[in-house]
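Student:
Residue numbers (my numbering): 388 to 680.
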């Protein structure tokens, strides 16, 4: 009994470490995208990132899931998810081009609250406590965005749109065939994104400068590596245990934004981020408690 409990704790610790490293990698991915956005369009960045990452995604899928991971039973659903993923990424890359990295990241963390709200409307019943957390979380967004105030910028709505689109992506996983593994989902997300952006990238193409080649390679490696580590974290540990560590992205985003661009969020942004984080964590722990009952 003690040995089993020890192994369970070890798996959870491993999952937490993988989650934190994966989140850090995705924040570096975002910082690289913010740098590249000075010269390239989001479509070109997404296209090159996925084309470079695709061979690694295939190798990873084969290693972790075997040849079965290469097969899809509902290819149309994957193309739909690829389109949603592209939309979410374009919205977020555009937002971090105009906003501070920490500011955009904090607002985008309302995604779990959107998932809860959409689930309540279309999938399952949500209790009043989680609805209250959703409302409080969106109050946190209002604190940061400050609509109607002198400092209001419509660009602040882009991370909100990102969060909503990301919530749709997460919920769309329900339509994926249950025979398909997480590795199949990751592989087809990269594949369909590369194909769909490849159809239109010619309209956005800018010649790739020699000094930027390593940035595109880095964004492919950090983006793919981050998603892989986070996926593996949820495989080896309990989801409610590792999910809260997704919010460590706020620390990384703040640090990277300050180090590279001298960005310092104002007090209201910190307050709004704290409210959003607290609401998201409440939803996670509430769902964990309900799952145990």
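Built from N, CA and C at the ideal position, the CB exists for glycine as well. Bear in mind that the values here come from a model prediction, so they are computed numbers and not experimental data.
Give me the Cα-Cα distance between residue 508 and residue 527, rounded to the nearest whole angstrom.
Tutor: Distance between the alpha carbons of residue 508 and residue 527 is about 22 Å.
Student: Between which two residues does the alpha helix (DSSP H) carrying residue 591 extend?
Tutor: Note, residue 591: premise wrong, no alpha helix (DSSP H); not H, not E.
Student: Reducing DSSP to helix, strand and coil, say where residue 634 ends up.
Tutor: Residue state, collapsed to three classes: helix.
Student: Looking only at its chain, what residues have a beta carbon closer than 8 Å to the beta carbon of residue 587, apart from the 5 residues adjacent to it on each side?
Tutor: Closer than 8 Å at the Cβ level, and outside the excluded window around residue 587, lie 430.
Student: Give me the Cα-Cα distance between residue 548 and residue 500, rounded to the nearest whole angstrom.
Tutor: If I take the Cα positions, the gap works out to 13 Å.
Student: With 16 other CB atoms within 10 Å as the buried threshold, where does residue 343 fall?
Tutor: For residue 343 there is no data in the structure shown, the boundaries of the chain being 388 and 680.
Student: Alpha carbon to alpha carbon, how far is residue 487 from residue 408? Give it in angstroms, no decimals.
Tutor: Whole-angstrom Cα-Cα distance: 22 Å.
Student: Taking the C-alpha atoms as reference points, what is the distance between residue 388 and residue 404?
Tutor: Note that residue 388 has pLDDT 49, beneath the 50 cutoff, so the model's placement of it is unreliable and no number is given.
Student: Classify residue 420: buried if its beta carbon has 16 or more other beta carbons within 10 angstroms, exposed otherwise.
Tutor: Per the 10 Å Cβ criterion, buried.
Student: Can you tell me whether residue 453 is helix, strand or coil according to DSSP?
Tutor: Coil at residue 453, not helix or strand.
Student: For residue 462, count neighbouring Cβ atoms within 10 angstroms of its own Cβ and tell me buried if that reaches 16, exposed if not.
Tutor: Per the 10 Å Cβ criterion, exposed.
Student: Which residue's Cα is closest to the Cα of residue 413: 459, 502, 601, 616?
Tutor: Among 459, 502, 601, 616, the Cα nearest to that of residue 413 is on 616.
Student: Which full runs of the alpha helix (DSSP H) of 4+ residues lie inside the stretch 459-533, going along the chain?
Tutor: Runs found: 462-485, 488-495, 498-509, 515-532.
Student: Mapping DSSP to helix, strand and coil, what is residue 649?
Tutor: Coil.
Student: Taking DSSP as the reference, what is the three-state secondary structure of residue 388?
Tutor: Only weak support is given to the placement of residue 388: the predicted model assigns it a pLDDT of 49, under 50, and the value that follows is read from those uncertain coordinates. In the structure shown, residue 388 sits in coil (DSSP, three-state: anything other than H, G, I, E or B).
Student: For residue 400 and residue 620, I'd like the C-alpha separation in whole angstroms.
Tutor: Each residue's Cα considered, the two are about 10 Å apart.
Student: Start and end of the alpha helix (DSSP H) containing residue 569?
Tutor: Per DSSP, residue 569 belongs to the alpha helix (DSSP H) from 569-585.
Student: If I measure Cβ to Cβ from residue 491 and keep anything under 6 Å in the same chain, skipping five residues before and after, which residues do I get?
Tutor: 482, 483, 546.
Student: Out of 485, 445, 649, 643, state which residue places its alpha-carbon closest to the alpha-carbon of residue 569.
Tutor: Out of 485, 445, 649, 643, 445 has the C-alpha closest to the C-alpha of residue 569.
Student: Please state whether the Cβ-Cβ distance between residue 476 and residue 580 is less than 9 Å.
Tutor: Yes, they are a contact pair.
Student: Report yes if the CB atom of residue 637 is closer than 9 Å to the CB atom of residue 496, and no otherwise.
Tutor: Contact flag set, yes.
Student: Helix, strand or coil for residue 624 per DSSP?
Tutor: Of the three classes helix, strand and coil, the one that applies to residue 624 here is coil, per DSSP.
Student: Please report the straight-line C-alpha distance between residue 622 and residue 583, rounded to a whole angstrom.
Tutor: Rounded to the nearest angstrom, the two C-alpha atoms are 29 Å apart.
Student: May I ask you to report which of helix, strand or coil DSSP gives residue 553?
Tutor: In this structure, residue 553 counts as helix in the three-state DSSP scheme.
Student: Could you name the residues of the same chain whose beta carbon sits closer than 7 Å to that of residue 612, not counting the 5 residues immediately before and after it, in chain order?
Tutor: Cβ within range, chain order: 412.
Student: Using the beta-carbon count (16 or more within 10 Å), is residue 560 buried or exposed?
Tutor: When all chains shown are included, residue 560 counts as exposed.
Student: If you run the structure through DSSP and keep just helix, strand and coil, what is residue 539?
Tutor: DSSP places residue 539 in coil when its eight states are reduced to three.
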